[in-house]
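Colleague: Could you have a look at this structure, given as structure tokens, before my questions?
Protein chains in written order, with the numbering used here: chain F, 34 to 316; chain D, 962 to 1229; chain Y, 2 to 361.
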């Protein structure tokens, strides 16, 4: 699992500087760095092919769409995309996974895409406020869980361990969704955490635990389950009070709005099973 | 007469070179211009006052300088061993040294864990003995930066060593200089420009380091959060602020390089 | 008096070594007295520079021993590195350190011997003054002319007061005019040096002016040694003969004559026996269109193989019917009178009294 964590960080690392430069007028490039899509084709071919396949919006569910989705959805959406293509022959779904905020920036900079799935409503609001989409649907929830190295060497039992400076704990930075969720949980619990690091994303936080460099990290339930036996999960009651909502929306600029709408419908319908198997909650 | 020859040469600039050179220049400069144009100058005060920028900038300058110094201390002798003794394993050694150049820095960070982390080969006994572990400390930042920056220094110093006229070293020996004295008083000054160039490259690479740092050192304001990490996080919530911080990092690094150039690279 | 004789009996430098690298094989015995200047002369690749590197300690020979002033620098058990040898070297391109001033270049060898910077600089300044280069002290080597650089290099190698001084083609980097000037100057400076000096050169005039004794090396072996006059008058190889501008013909003494390699017999001034060399100046060769007669002359039928201007005269390369080659030197007027062109058949004569004969 560390490999996947690393890969995700790599993707983000590559995206980071490119996004900075991209904002200076090279937005298309940032889209290119999306990397993994199960179709195996580069993401640039997605929108181009989509344009060719259906030059105008039509009611028919076929052709290519490009989906921008939060990094935490990488495994589940890849599976859902395959299922969708089977259910609707003639369609092809290309994914670009990344940090929700980065993806929102790309959408607002005019990146050619059809669907946007965010890891929180705050980020979705950036896109809807800019008028690039409206009426997002909630399709999954995620709650926080404590990830500890196998065997839980530091004997972490709950949130209060994050206030114990003799234990090396890591949190997500408040600027990223898992970090803002963590902040709410600690406020509710009345605990002031003393982490050694505010990680730039959830996978970076997870890597620290997988490498046994951190005694505990506060991450999403889905991250703990996808990490397999590299980490163990420790649940805590306050988690249920801060539920992260995942919204999805078809983008206004989509050139294949029928298929985009169908994909959104598929995620909220048949896709639920895949999501729940991975540890997501129902909306 | 010499002026005439010079003018003749200038007139003969090869067009074949001009076009790609111009495109190359534009490719490097235009994104920077874009940064400058798009940076939210009107919000400068607010962004810089309310952000982690200053501690991050301070940490970046300190750690990258430390990394460049560490790279010098380790890299110059390493370059010497690559350039001088006639060894059979030299090309293998050089290949090993260039590994960090091609390794994604994030993987480099994980690799550092395996050696210097709390459970690493060397890190574990250190942790057992002293309770000290590198990750999440500024030392880890320096080590991450050194890891990625060292090859730049080694390769450029090695090139300088190969290009240097070794007969000067012979001359120094016949004047009573032991090998160590030859190295300090003759070899090193002779390859000074190469060493300076390598150190500047290493410093610049260390200053921009992100992947290995976030993996091996983590991100804590004032302790391990360097400027690139701060820029990355700012990008999550306030892309405009990220632009401005990038410009700040650029400006500071250009100023430092210009200062260095005037102060002592000119000497050679 | 006794000391002087002891020194004469025990040369300052006694070297005997062998270097083998691939096809190259150098085996040499060199000695030098205190105050003596020995020139190593020989064609390119003969082993001159290799010898210098061995003596300086920059190259380890396969076997051999080197003694300087009674101190063993190298033998089967000892190998002193260059920095422990009382040996100074002036390299071919002088190799002044470009990052140091002239003064610090000269002070370098004093600093390495532990002298304080100020003391080393003061003494370096003295050495520069002695070489008439005192005003160069603050300059960088790049600012020096060839002749100035040579003086500084000499000062630098002499400052640590070596017992053996090695100079590698000290005049080769200079243009012809400076060379003449510097050569005399160098001779003067070397005369003041009490240790032994070895000069490497390929120029016979440089060797003749600078050296008390020549050692000629060819193909890694010493082929001849002696004062410049001896070597010039009685060359023992074609290379030395060419350097001295003499024709050299090996042969065997028979009564009043010498039988040459081609079987012909030449007449010489006095009776000789055994293997000998016969040498004569090109200007001693006279050329004729028709076979001359009378007087004790050696006569060859020859073909002109080449014509080459040589100073005020012309050198005519000749080849006899029996494959002997030698050179005649005649005036341009004679060339015109005889109407000489390449391929001409002529008669060449040399008076017996003009031929120097000495044992091989």
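Glycine is no exception: its CB is placed at the ideal position from the N, C-alpha and C atoms.
Being a predicted model, the structure only gives us computed values, none of them experimental.
#1: Counting only Cβ pairs nearer than 8 Å, list the residues of chain D close to residue 83 (chain Y).
#2: If the cut-off is 7 Å on Cβ atoms, which residues from the stretch 204 to 232 of chain F count as contacting chain D, listed in chain order?
#3: Between the stretch 1043 to 1061 of chain D and the stretch 221 to 232 of chain F, do at least 3 Cβ pairs fall closer than 8 Å?
#4: Can you pull the chain D neighbours of residue 153 (chain Y), defined as C-beta to C-beta under 9 Å?
#5: If residue 328 (chain Y) and residue 317 (chain Y) are in contact, beta carbons under 8 Å, what's the gap, nearest whole angstrom?
#6: Looking only at its own chain, which residues have a Cβ that is under 6 Å from the Cβ of residue 106 (chain Y), when we skip the five neighbours before and after it?
#7: Under 9 Å, CB to CB, which of the residues in the stretch 1171 to 1196 of chain D have a partner in chain F?
#8: Compile a chain-ordered list of the residues in the stretch 42 to 58 of chain Y whose CB is closer than 9 Å to at least one CB of chain D.
#9: Quick one: which residues of the stretch 1092 to 1125 of chain D get their C-beta closer than 8 Å to a C-beta of chain F? List them in chain order.
#10: Give me the chain Y residues within the contact set of residue 1128 (chain D), using Cβ-Cβ distance strictly less than 9 Å, ordered along the chain.
#11: Assign residue 194 (chain Y) to one of three DSSP states: helix, strand, or coil.
#12: Scan the stretch 246 to 262 of chain F for residues whose Cβ lies nearer than 9 Å to a Cβ of chain D and list them as they occur along the chain.
#13: Spatial neighbours of residue 225 (chain F) within its chain, please: C-beta separation below 8 Å, excluding the five flanking residues on both sides.
#14: Relative to the alpha-carbon of residue 250 (chain Y), which residue among Y:290, Y:39, Y:280 and Y:308 has its alpha-carbon at the smallest distance?
#15: If we call anything under 8 Å between Cβ atoms a contact, is residue 137 (chain F) one with residue 156 (chain F)?
#16: Across which residues does DSSP place residue 72 (chain Y) in a beta bridge pair?
#17: Quick one: what's got a C-beta closer than 6 Å to residue 333 (chain Y)'s C-beta in the same chain, skipping five residues either side?
#18: From which residue to which residue does the alpha helix (DSSP H) around residue 1030 (chain D) run?
#19: Which chain D residues sit within Cβ distance under 8 Å of residue 122 (chain Y)?
#20: So, does the CB of residue 1045 (chain D) fall closer than 8 Å to a CB anywhere in chain Y?
#21: For a contact meaning CB atoms closer than 7 Å, what does residue 161 (chain Y) contact in chain D?
#22: In chain order, what residues of the same chain have a beta carbon less than 6 Å from the beta carbon of residue 981 (chain D), not counting five sequence neighbours either side?
#23: Judging by CA-CA distance, which residue of F:312, F:118 and F:129 is the nearest neighbour of residue 100 (chain F)?
#24: Specify the secondary structure class of residue 1082 (chain D) as computed by DSSP and reduced to three states.
#25: Smallest Cα separation from residue 1104 (chain D): which of D:1076, D:1090 and D:989?
#26: Buried or exposed, going by whether 16 or more other CB atoms sit within 10 Å of the CB of residue 188 (chain F)?
#27: Residue 151 (chain F) CB to nearest chain D CB: under 8 Å?
#28: What residue from D:997, D:1130 and D:1176 has the CA that sits closest to residue 954 (chain D)'s CA?
#29: Residues of the stretch 1069 to 1083 of chain D with a CB closer than 7 Å to any CB of chain F: list them in chain order, please.
#30: Report the CB separation of residue 269 (chain F) from residue 179 (chain F) in whole angstroms; it is logged as a contact under 8 Å.
#31: Check whether the Cβ atoms of residue 73 (chain Y) and residue 200 (chain Y) sit closer than 8 Å, and answer yes or no.
#32: So that I know if they touch, is there some Cβ in chain F lying closer than 8 Å to that of residue 1061 (chain D)?
#33: Please determine, among Y:27, Y:166 and Y:216, the residue with the shortest C-alpha to C-alpha distance to residue 195 (chain Y).
#34: Please report how far the alpha carbon of residue 316 (chain F) lies from the alpha carbon of residue 298 (chain F), in whole angstroms.
#35: When you compare the CB of residue 1005 (chain D) with every CB in chain F, is at least one pair closer than 8 Å?
#36: Apart from the five residues on each side of it in sequence, which residues of its chain come closer than 7 Å, Cβ to Cβ, to residue 265 (chain Y)?
Modeller: Judging by the given coordinates:
#1: 1131, 1134 and 1135
#2: 206, 208, 209, 229, 230, 231 and 232
#3: no
#4: The premise fails here: residue 153 (chain Y) is roughly 12 Å from chain D at the closest Cβ pair, so nothing lies under 9 Å.
#5: 7 Å
#6: 97, 98 and 157
#7: 1171, 1172, 1175, 1176, 1177, 1178, 1179, 1180, 1181, 1182, 1184, 1185, 1186, 1189, 1190, 1192, 1193, 1194, 1195 and 1196
#8: 54, 57 and 58
#9: 1094, 1096 and 1097
#10: 92, 93, 94 and 96
#11: coil
#12: 246 and 247
#13: 196 and 219
#14: Y:280
#15: yes
#16: Y:69
#17: 315
#18: 1014 to 1044
#19: Per Cβ cutoff of 8 Å: no residues; residue 122 (chain Y) is ~15 Å from chain D at best.
#20: no
#21: 1136 and 1137
#22: none
#23: F:129
#24: coil
#25: D:1076
#26: exposed
#27: no
#28: Absent from the model: residue 954 (chain D). The displayed extent of chain D is 962 to 1229, so no value can be given.
#29: 1071, 1074, 1078, 1079 and 1080
#30: 6 Å
#31: no
#32: no
#33: Y:166
#34: 14 Å
#35: no
#36: 323
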